[in-house]
Every structure is written in C-alpha cells, then in structure tokens.
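See structure below.
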Amino acid sequence: MATVKFTAMKDGDKEDYEFLTAHEIDYAARTGDRLLSALV
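Counting in our numbering, the sequence shown runs from 340 upward without gaps.
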C-alpha cells in the first residue's frame, strides 16, 4: 500500500491505520534531526 484508501478519518480501516502508524513512528523518530537541520 502506498497511500490510504480514505479521505475522511472516520472511513479508514485497520489496514489504513496500521500503514499510518508505521509512517508516524518513523517520522516522529526523525523529528530531532529535522529540527537540527532547520536550525543550522
């Protein structure tokens, strides 16, 4: 899956939310690096 199948959060299913969770964890883990890059 490359994108979710919904446009409104209420229409998402388990597969959509598992996909989003995986990307959220990766994105959150790199927050510090993004902030430091923006400040330099």
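Yeah, the Cβ is synthetic: ideal placement off N, Cα and C, and Gly gets one too.
For residue i, the three-state DSSP class (helix, strand or coil)
i	result
F358	helix
K344	coil
D352	coil
For residue i, the nearest candidate out of the options (CA to CA)
i	options	result
F358	V343, L375 and Y366	V343
Beta-carbon proximity list for residue i, same chain, < 6 Å, skipping 5 on both sides
i	result
M340	F358
Extent of the continuous alpha helix (DSSP H) run through residue i
i	result
R373	T370 to L378
Neighbourhood of residue i by C-beta, 7 Å cutoff - its chain only, sequence neighbours within 5 removed
i	result
D365	none
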